[in-house]
Each structure stands twice: as C-alpha cells, then as structure tokens.
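Protein chains: 4
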Amino acid sequence: MSDHISGIRSEISWSTSSQITIFGHDLVDDLVGKVGLGDMGFLELTGRLPGPGESAMFNALTVSLVEHGMTPSAIATRLTHYGAPDSLQSAVAAGLLGLGSTFVGSIEGAARYVQEADLGGDLEAEAAKIVEPFVAARKLIPGIGHPIHKPLDPRAERLFTILDENGLSGPQVPLIREVARQAGEALGKELPVNVTGAIGAIASRLGIDWRAARGIGVMARAVGLVGHVLEEITNPTAPTIWREVEEAASSHHSGHA
Amino acid sequence: MSDHISGIRSEISWSTSSQITIFGHDLVDDLVGKVGLGDMGFLELTGRLPGPGESAMFNALTVSLVEHGMTPSAIATRLTHYGAPDSLQSAVAAGLLGLGSTFVGSIEGAARYVQEADLGGDLEAEAAKIVEPFVAARKLIPGIGHPIHKPLDPRAERLFTILDENGLSGPQVPLIREVARQAGEALGKELPVNVTGAIGAIASRLGIDWRAARGIGVMARAVGLVGHVLEEITNPTAPTIWREVEEAASSHHSGHA
Amino acid sequence: MSDHISGIRSEISWSTSSQITIFGHDLVDDLVGKVGLGDMGFLELTGRLPGPGESAMFNALTVSLVEHGMTPSAIATRLTHYGAPDSLQSAVAAGLLGLGSTFVGSIEGAARYVQEADLGGDLEAEAAKIVEPFVAARKLIPGIGHPIHKPLDPRAERLFTILDENGLSGPQVPLIREVARQAGEALGKELPVNVTGAIGAIASRLGIDWRAARGIGVMARAVGLVGHVLEEITNPTAPTIWREVEEAASSHHSGHA
Amino acid sequence: MSDHISGIRSEISWSTSSQITIFGHDLVDDLVGKVGLGDMGFLELTGRLPGPGESAMFNALTVSLVEHGMTPSAIATRLTHYGAPDSLQSAVAAGLLGLGSTFVGSIEGAARYVQEADLGGDLEAEAAKIVEPFVAARKLIPGIGHPIHKPLDPRAERLFTILDENGLSGPQVPLIREVARQAGEALGKELPVNVTGAIGAIASRLGIDWRAARGIGVMARAVGLVGHVLEEITNPTAPTIWREVEEAASSHHSGHA
C-alpha cells in the first residue's frame, strides 16, 4: 500500500504482477475472448457488462457513428498524417478534436433533457417542459429535425426497432417522439427524431450518463479515423487538398499568379 | 459529380441523400444491428468484414488493450478534463497522444518484422535474420521479453489459444516464438513473446498492415479513456494530482515553504 | 488563379515563388529581424503591426501567461512526452488541450463583457448591467476576485501600470475596476480585478476580439510547454508521477499489496 | 515542504503566495514589461535570458516560422474549429499535431548533425563525415536543397545576415555551408542551405539542444494558428472545404450522382 498520495482512487482497474482487474472482472479470464470491443465500451460507461440485448443495442449505437466518409474530422486526420506520418495516434487525435458541439453536441443535449425529465410522470407534460424554452428562445432542439429525412429518419427508426427487438423499450423513446411531435406542432412543420436524438434517448435507456454520452461518438469515430489514416498511407489525398485549398484561398490576390 | 477537385478519391464511404455506404456495405441495412464495434474496426483496417473466427480474434486483441488503469495516458486525460471540462473529446485526444513508441511501438515493430519475413520460407532462418541485427546492435526486439512473465506471458498465450481455437493458425506465431527462442539463446535468458508481440503477430495473421497496427491500440484505448473521463466527472483526481506534483517538484526551493 | 474551389479566401498570407506576404507585409524584408514574436501575435490577432506602446503591452500580457510551473497542462505534456518521445509537438498539444474554461475562460469572459458594454456611456451604469445577472445567478464574475491577493492583485496592477505608462489608458480598465467594486459591495467582501480580468480588459483596449482572447493564453503557454518537454528530456518526472498516481489510486483494493 | 512524492523536481518555475519565479527571475518584477514573448521562448529553451543580439536573432528565427498561409496545419485547425467552435485551444492543438517529421523534422535533423560535429575541428572533414552517409544511402540531407531557391535561399541568407550583424558568428554556419557545398558536388547540382537548415544551424549557435529544436517551430506556429481560428470565426472556409473534398472523394462512385 502506498503512503505517498492520499485522497485519490479509481474503481476502473487495478493490477498485480499476475492479474489485471477491470471493473471487478479478470481481464484474461473473463474479458479477453469472452466479450467484444463494444461491450468494453458499455463497461467503461456504466461500470457493468451489458446483457445480450444491451450489448446488441450499444454496439448498434456505436456502429452507426463509426464512419461518415470525408468529414471535417477525417480530413483533419489526413492532413495531420501528412505532416507527422510517424504518429498515427496524432492523426486520430486531431480528428477527434473536431467532435465538439457542432457534431456530437446534439447527442449530449438530447440525452440531457431525457435524463432530466421525470420519466415516471406524464410524458406529454414532460415533453412540453422540454420544448417550451427552446421554442421561446427560437433555438433548435437537440436531436429533433432533419433537412431531408421527414417525417421519419430511417437511421433513428432502425435504432428504435433494435431497442424494441431486444426487449429494452422504455419511456425514453416515447418521450423524445413526443418532444418531436410538440415541436413540429409549435413550428408548423414535420420534425422527425433524428439519429442523434435517437442515440441520446437510447443511451439514456441504457443508463449512460448524459455527461459522457458524447463519448459514444468519440469511441466510434476513433475506430473510423484509423481507417482514414490507413487509406491515406496507401492512397494520399492530403497533398492535393493542401494545394487546392491554398490556391483557392489566395487566388484573389493580385500578387498570386 | 464534382468538377472541382480532381485526383483525390476515397473507397471508405460515400453517401447519397438516402443511403450511407461503408466499404460497399449499406450502413442501415447491413451493419447497424448486424455487426459489432470490433467488426467495424476490422472493416476499417482490412476493407472487409471479418469471418466469425476473425471477429472473435480481433475483438480479443482490442479487448486486451482497452484498459490498464492509471496509465500516463489516463492521467493526461484526467488532467485535461480538469482544464477543459466541456470538451470530453479533448481529454480523450490528450490521452491518445501518449500512445507513441514507448507503449504501442512494439506492436508495430513486431508486426513489421513478421510481415517483412518470408512466411513461406524456413522459419528458423527467417527468425535468425530478424534477431541478428537487434542482438548485434544490443537493442530490444519488439514484442519479446517481459520483466515478470517468463518463460511465458499469460496474456500472449491466451491470445494464441484464441487464434488456434478459431482455426486461424498460421506461420506468424511459430515465427515469433522462434524469434523469442533464438533471442533468449543469444542473450542467455528466458524471453517470452509478450502481449504486444502476440498482438503484432496475430494482426499480421489477420491481414492488418503493420503501418496501421498501432491503430488497434488507438481504437481500444479511446474506448477506455472515455471511462476515465466519466470517473473523473464523478470522482475527481486531477486537483490532488496537480497539488501533489507541484509541491513535490518545487519542494527543494528554499523560497517554497 | 485557381478555378477549382471557389468561395474560400484568406487575407492572412499568400506566397509566390519569390515572396511570402503576411497581412500585407513582406516576410523577409519587413518582418524577419524587424519585429518580435509577440508582435507577430498582435498581427495575427488584429491584422496590423502594433505601435511601440501596443507592442510593449501585448508582450507583457503574453509574458505573464507563459509559465506557471507544474500546472495540469505541464504535467499532461510531460506524461505525453513519456509515451511519445519522438513527437514534441504532441506533448505540447496535449498540454494546450487543457486550456479550456477552467483556466483561460475567465480571460474570454472578462473580455466579452467589456466589449459588449457601451464604453462611451456611463461606466457605473454599464458595470451594474454586467454585475447584476452574475450576482442574481450567484455566479462568479469572470476576472474578479482572488483567494489571496486582495484588495489588489499585484500582477493585474502591474499590467495596468504598463498600460498607463504606454499612453494606452482607456475606459476598459475603469469599467472592470467598477465591476469589481460593485461586485464587492454586493457580496460584502473585497474583490480585486485579478490577472485574467486585467488581461481581458487590456486585450479589449488593444482591439482583440473576445472570441479569440483565449488565444493569448494559447500562444503564451505553447512557449512555456516547450520548456517542460525539454526539462522532461533531461530530467524525467513522468515515470515517478505515473508510479505514484497508480499506486495511490489502487491502494484501497485488497488485491493490491 | 511536501513529504508526499519524492524524486521529482523542476527548475523551471516555483511559486509562493506572493511570488512566481521563473528560471530564477521574478515574474512581476523582472519579466513582465521587461522582456518580450520571444525572450521567454529563449529562456524556456536555454534556461537563461538572451543578450540583446541573441534576442534579435531568436525572435527572427521564430518570426520566420509563424505564418505560411493555408498549410495542412492551418486547414486542420480550421476544420477542427468548425466541429468544436467553443474550443479555440483544440483547433490550435490539432494544427500543431501536424508539425512532425515532414515539416519541422529538417530543423531538428540539421541541428543534430551540427551539434554532433566537432566544431573545434576541421570543418571540411566534419562536413564530409556528415555528408557521406546521406549520399551513400541516397537520402536527402536535412536543411540542404530547395526546388526553387538556388544557388541561395533568400530566407536562409537573411537569417545568416542577422546572425553576423549581431556579432554572433560561429563555426555552425560555415559548417552547414560546407555541408551544402560538398553535397552539391557529390550530386552534381546546386544545393543551397535552406531556411530549415539555417534555423537548425543558428539554433545550435544559440545553445538550443537539437532535441528541442522542433519546439521553435511549435512556439511560432501556435502564434500563427490562433490567427487562423480568428479568421475562421469571421470568414469561415471549413464548410466549403468539407463539401468540396467530400464531393471530389466520392465522385467516382456510381451511386453518387
């Protein structure tokens, strides 16, 4: 036992010379070869291993977020790889840094209002309490609305179906559907629950703290960004992107001919 | 079709208004709810979905790397969260930045020499070609040796067992075992294949390019580091670490009382 | 001229084969050897070179922020260097990621309310408009108050003196002093303008947009964090920090003896 | 005095409730308002304040590196800002992560061979020892050669002039000029000392450890990248870059119309 620093402790993992324990599970005997990477994500976010339905659901959430092609994050990853080809981890980290309020904030925002609602109460009234301040402030409601997919977002609906198929139905999805309905009524247009709203609601059903819900996206995108580094190694795009952007950005200067 | 930038292309993913395709698979119909997060990692690293045995093996590799408790990476993540509590992604990125040559370099190094060997040739001779330059330069061989676990590293052995159980045996593991045997003989001590060597050899068996092998660790640790942010939110350690380190580092200055 | 991408342009810098122009200044003829690094920071933040007094003032702001010893950022930098010793830039980046709302947010917050005030109006009334919502919400006012330095923070006072000595006095400092006075009156205790409040007010005087005011700290700390990497190379602290934190964090587990 | 962690110490900075000391200098009395940001960089890299000539020279080195327009780093910074607009520090950090071997490695490489040479010896023989292994391995020599600027690189020559004007001439510049001459002779073409070679040689003259020479670029670019965030706030380019790159990368897919 250490007598050096007191007052800090972690319940995540501890080791002896013969054993690594993670949230109480022996790494070699209970986890490696027994559970998947997605299950480890669930374990990190909730402190316990998922049941079979929870595992299917959580993996589906992450799978839906792994890859979206040439996003700003993926481009940042590729440009970083170009400058630091020996540091795959730096390229992935650069891409993750763009997972802020613009792209994953709505997962967090949706999970937050779902978790702060009284889910044992009247969902119509709870939804009204959520919708009103956003409408009054003329702000977008996180997780609600889509420019193309309406009245329903097929990715959101797919996730809701998986939730039901795994016997995990709960008040979270009816609540967010009611939020979308009331918002649409207030604004006079069709507003679906979109995929980030679905993930926020389902994460809440799975017991994931909204303050870490953004982490579902971070886990998933880290997986995808590694693929972009690999493709950049074999088939580089960064030199072309650099040249084209630089030329375009300075083409209006007379000195640039 | 764009006529704006020519000469760049990506085969990873493309989208239309109704469909996202990832390495040729429809995201909603073929991936979400059908495969796990680890399978997506395999897909990103090889361009194809794993067979059942490959899926089990690849998930086992990543699971073995997700979590090691209060590593330098985890501490960096926690300290970063303290300064930027609104940016979970920054805290995870800071932790990933430490996954360089010290910790994941040996996966890459082991995968490299396994992939550069002639696996159809005489493994004893191939191993000798690998071992000799390291021994001559008095350098550590990536993936070989462990201060405690000898003659065998139980985590490495567990992974090798999973490989065999899934019918995936190949020349990669015999080669790296022969590398360890010859290195031990040359240096007169017992040298096991350690867990990073095992991962490097098995990744090679799975067809993962050594230049991206470090990415297995990056994917896995991103999952684990999210858990450290969450624990830091609920039970902070950073203020204590800061205070203790600062006091210790400046305690020798007379002006510091 | 490029006909590839249209609609993006940058006024910062453009190049020909013989010349690099930065905000209209020739790099080799007008900047290198003529201005200092701090002046370049002023140029990046305002689009113009500083006058002599502005240069002295802006350099003083940055100098006050370069170095604070073993901060959470500096520790994160050192731990990252330990894992990725070949990537000095990664270690510095990891440290910068902690410069979020906890440490530099108050510069931004103070600069914001100073810049949103009507500086041609009655400063007492303007200060009241700033103070009231914070007091009503029982929130700290950015840039106001210090646990030790009261009634005055010597670093803030030093910066104000430099401003006056350089003939740059303006309504910004009287306004923030009045904010501190009214806040102290409302809360019944002595509240000084602290160093981050001083920087926010002075940055406003220098014409620096509050949305980039955090960048003064980022520029400055990047300089300091390089020094921490260098000291870590010659006299490592990361292995000890790691060992002590890991032992402390897991010392309560019975399996850890 | 702390009795908690022993064995770590830092000589960079320490604080009491009334004083911050940096490399032995009182922050408020001796540094703020007395020295510039560039001088702080010199202090961090050498442990002492520069003399006037050293200050002019070091500032010139950094100024030459602050800004190069729409580099891959600057584009990564801008794309990251788009995703995480509340985290200026993340956007800058993302850009810094690309300052690896491709762009700043040659400063480090040049500084290394200058510092490993016997500067009191015969410079022609020392240069030969440097050049031969590179030529034998058909590798580029760091800091030597330029596609356009030959026989001389005007930025390098400008920096050498500043060195001489400040009375700081030494064997480092003659050595690297001789390296360039011999390399050109061996390869049969005109090879100038380029700007990164000049910086590596001059940094060596100033006593900056080659292992931290990359840090000169990191300090400088951090200053420049803040300017790119600010311009991105006021005149965004990231949405256009994203759209154009995504369209171009997927335009060859038949499903993409």
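First to last, the sequence lines map onto chains A, B, C and D.
The UniProt record's numbering puts the first residue of the first sequence at 1, with every later residue one more than the last.
The UniProt record's numbering puts the first residue of the second sequence at 1, with every later residue one more than the last.
The UniProt record's numbering puts the first residue of the third sequence at 1, with every later residue one more than the last.
The UniProt record's numbering puts the first residue of the fourth sequence at 1, with every later residue one more than the last.
For glycine and all other residues, C-beta sits at the position ideal for the given N, C-alpha and C.
Open item on the list: Which of the three DSSP states is assigned to I22 of chain B in this structure?
Closed with: Here residue 22 of chain B refers to the residue found at position 22 when the second sequence is read from its first residue. Note: I22 of chain B maps to strand in three-state DSSP.
Task: Reference residue 262 of chain C; option with closest CA among C:S55, C:A76, C:T102 - done: Not covered by the structure: residue 262 of chain C. The range shown for chain C is 1 to 257.
- [ ] Less than 8 Å between the CB atoms is what I'm expecting for V245 of chain C and I241 of chain B, so what's the real figure, rounded?
- [x] Taking the first residue of the third sequence as 1, we reach residue 245 of chain C at position 245. Taking the first residue of the second sequence as 1, we reach residue 241 of chain B at position 241. Yes, they are in contact, since the Cβ atoms of V245 of chain C and I241 of chain B sit about 6 Å apart, within 8 Å.
- [ ] Just the chain C side, please: which residues come within less than 9 Å of L230 of chain B by C-beta, in chain order?
- [x] Residue mapping note: residue 230 of chain B aligns to position 230 of the second sequence, counting from 1. Neighbours of L230 of chain B on chain C: none; closest Cβ ~15 Å, over 9 Å.
Task: Cβ-Cβ separation, L123 of chain D to L175 of chain D (assumed contact under 8 Å), whole Å - done: Taking the fourth sequence and counting its residues from 1, the one referred to as residue 175 of chain D is at position 175. Taking the fourth sequence and counting its residues from 1, the one referred to as residue 123 of chain D is at position 123. That pair is a contact at about 5 Å.
- [ ] Spell out whether any CB of chain C is found under 8 Å from the CB atom of D39 of chain A.
- [x] On the first sequence, residue 39 of chain A is found 39 positions in, with the first residue counted as 1. No, its Cβ sits nowhere closer than 8 Å to a Cβ of chain C.
TODO: With 8 Å as the threshold, decide whether the Cβ of I75 of chain C is near any Cβ in chain B.
DONE: For the purposes of this step, residue 75 of chain C is taken as the residue at position 75 of the third sequence. Yes, because at least one Cβ of chain B sits closer than 8 Å to the Cβ of I75 of chain C.
- [ ] Tell me, please, whether the CB atom of W210 of chain D is closer than 8 Å to any CB atom in chain B?
- [x] As a position in the fourth sequence, residue 210 of chain D is number 210, starting the count at 1. Not an interface residue.
- [ ] Use the C-beta contact count for S64 of chain B: other C-beta atoms within 10 angstroms, 16 or more gives buried, fewer gives exposed.
- [x] The sequence position of residue 64 of chain B within the second sequence is 64, counting from 1. Counting Cβ neighbours within 10 Å, S64 of chain B comes out buried, since at least 16 surround it.
TODO: Report the rounded CA-to-CA distance for D29 of chain D versus S15 of chain A, giving the unit in angstroms.
DONE: In the fourth sequence, residue 29 of chain D corresponds to position 29, counting from 1. In the first sequence, residue 15 of chain A corresponds to position 15, counting from 1. When rounded, the distance between both Cα atoms is 49 Å.
TODO: Verify the CB distance criterion: does H68 of chain A have a CB-CB separation below 8 Å to chain B?
DONE: Translated into the one-based positions of the first sequence, residue 68 of chain A becomes position 68. Closer than 8 Å to some Cβ of chain B, the Cβ of H68 of chain A qualifies, so yes.
Open item on the list: What are the residues in the region 148-160 of chain C lying within 8 Å of chain A by C-beta distance?
Closed with: If the cut-off is 8 Å between Cβ atoms, the region 148-160 of chain C has nothing near chain A.
Task: CA-to-CA distance, A94 of chain A to L96 of chain D, given in whole angstroms - done: Locating residue 96 of chain D in the fourth sequence gives position 96, where the first residue counts as 1. Locating residue 94 of chain A in the first sequence gives position 94, where the first residue counts as 1. Inter-residue distance for L96 of chain D and A94 of chain A is about 9 Å (C-alpha atoms, whole angstroms).
TODO: Kindly indicate which residue of D:G188, D:L206, D:V179 has the alpha-carbon position closest to the one of D164 of chain D.
DONE: Position 164 of the fourth sequence, counting from 1, holds the residue named residue 164 of chain D. Ranking D:G188, D:L206, D:V179 by Cα distance to D164 of chain D puts D:L206 first.
TODO: With a 10 Å radius around its C-beta and 16 neighbouring C-beta atoms as the bar for buried, classify R138 of chain D as buried or exposed.
DONE: For the purposes of this step, residue 138 of chain D is taken as residue 138 along the fourth sequence, with counting starting at 1. Here R138 of chain D is exposed, its C-beta having fewer than 16 other C-beta atoms within 10 Å.
Open item on the list: Between which residues of its own chain and G47 of chain B is the CB-CB distance below 8 Å, once the five residues before and five after are set aside?
Closed with: The residue given as residue 47 of chain B occupies position 47 in the second sequence. Within the same chain, E11, F23 come within 8 Å of G47 of chain B by CB-CB distance, once the 5 residues on both sides are set aside.
Open item on the list: By the three-class DSSP mapping on this structure, what secondary structure does I233 of chain A have?
Closed with: For the purposes of this step, residue 233 of chain A is taken as the residue at position 233 of the first sequence. Three-state result, I233 of chain A: helix.
Task: Spatial distance of G105 of chain C from Y82 of chain C (CA atoms) - done: If you number the third sequence from 1, residue 105 of chain C lands on position 105. If you number the third sequence from 1, residue 82 of chain C lands on position 82. If I take the Cα positions, the gap works out to 29 Å.
Open item on the list: Tell me the residue span of the beta strand (DSSP E) that contains W14 of chain B.
Closed with: If you number the second sequence from 1, residue 14 of chain B lands on position 14. Start and end: 13-16.
Open item on the list: According to DSSP, simplified to helix, strand and coil, what is V193 of chain C?
Closed with: Position 193 of the third sequence, counting from 1, holds the residue named residue 193 of chain C. Correct three-state label for V193 of chain C: strand.
Task: Given residue 303 of chain D as reference, the closest of D:A186, D:L187, D:V179, D:I208 once Cα atoms are compared - done: In the structure as shown, chain D begins at 1 and stops at 257. Residue 303 of chain D is therefore absent and cannot be evaluated.
Task: Three-way DSSP call (helix, strand, coil) for I144 of chain B in this model - done: Here residue 144 of chain B refers to the residue found at position 144 when the second sequence is read from its first residue. Judged by DSSP in its simplified three-state form, I144 of chain B adopts strand.
Task: Secondary structure of H228 of chain D, DSSP reduced to three states - done: In the fourth sequence, counting from the first residue as 1, residue 228 of chain D sits at position 228. If DSSP states are grouped into helix, strand and coil, H228 of chain D belongs with the helices.
TODO: Using the Cα positions of V223 of chain B and M219 of chain A, report the straight-line distance between them to the nearest angstrom.
DONE: As a working note, residue 223 of chain B is residue 223 in the second sequence. As a working note, residue 219 of chain A is residue 219 in the first sequence. In this structure, the straight-line span from the alpha carbon of V223 of chain B to that of M219 of chain A is close to 5 Å.
Task: Contacts of Q115 of chain C in chain D (Cβ-Cβ under 8 Å) - done: As a position in the third sequence, residue 115 of chain C is number 115, starting the count at 1. At a C-beta separation below 8 Å, Q115 of chain C has no neighbours in chain D, since its nearest C-beta there lies roughly 14 Å away.
TODO: Within the same chain, show all residues whose beta-carbon is closer than 6 Å to that of S55 of chain D, passing over the 5 residues directly before and after it, in chain order.
DONE: The residue given as residue 55 of chain D occupies position 55 in the fourth sequence. Excluding residues within five positions, the ones whose Cβ falls inside 6 Å are D39.
Task: 8 Å Cβ cutoff, S204 of chain C in contact with chain D - done: By 1-based counting over the third sequence, the position of residue 204 of chain C is 204. No Cβ of chain D is located within less than 8 Å of the beta carbon of S204 of chain C.
- [ ] Could you tell me the distance, in whole angstroms, from the CA atom of N166 of chain D to the CA atom of F160 of chain D?
- [x] Residue 166 of chain D sits at position 166 when you count from the first residue of the fourth sequence. Residue 160 of chain D sits at position 160 when you count from the first residue of the fourth sequence. In this model, N166 of chain D and F160 of chain D are separated by some 10 Å (Cα to Cα).
TODO: From the DSSP output, in three-state form, read off residue 324 of chain C for me.
DONE: Residue 324 of chain C is absent from the structure shown; chain C starts at 1 and stops at 257.
Task: Cut-off 7 Å between Cβ atoms - residues of its own chain near A127 of chain C, not counting five sequence neighbours on either side - done: The count along the third sequence starts at 1 and reaches residue 127 of chain C at position 127. Within the same chain, A127 of chain C has close Cβ partners L175, E178, V179, Q182.
- [ ] Please report how far the alpha carbon of E116 of chain A lies from the alpha carbon of V173 of chain A, in whole angstroms.
- [x] Working through the first sequence from its first residue, we reach residue 116 of chain A at position 116. Working through the first sequence from its first residue, we reach residue 173 of chain A at position 173. Straight through space, the alpha carbons of V173 of chain A and E116 of chain A are spaced by roughly 14 Å.
TODO: Output, in sequence order along the chain, the residues in the region 25-49 of chain C whose CB is closer than 7 Å to any CB in chain A.
DONE: If the cut-off is 7 Å between Cβ atoms, the region 25-49 of chain C has nothing near chain A.
Open item on the list: Looking at chain B, is there any beta carbon in it that lies within less than 8 Å of the beta carbon of T80 of chain C?
Closed with: Within the third sequence, numbered from 1, the residue matching residue 80 of chain C stands at position 80. Closer than 8 Å: yes.
TODO: Please go through the same chain and pick out, in chain order, the residues whose beta-carbon is closer than 6 Å to the beta-carbon of E190 of chain A, but skip the five residues on each side of it.
DONE: Taking the first residue of the first sequence as position 1, residue 190 of chain A is located at position 190. Around E190 of chain A, the same chain offers K150, P151, G184 as residues with beta carbons nearer than 6 Å, after the five sequence neighbours per side are excluded.
Task: Whole-angstrom distance between L31 of chain D and L49 of chain D, CA atom to CA atom - done: Within the fourth sequence, the letter at position 49 stands for residue 49 of chain D. Within the fourth sequence, the letter at position 31 stands for residue 31 of chain D. Between L49 of chain D and L31 of chain D, the C-alpha separation is close to 10 Å.
Open item on the list: For a quick check, are the C-beta atoms of H146 of chain A and P72 of chain A less than 8 Å apart?
Closed with: What you label residue 146 of chain A is simply residue 146 of the first sequence in a count that begins at 1. What you label residue 72 of chain A is simply residue 72 of the first sequence in a count that begins at 1. No.
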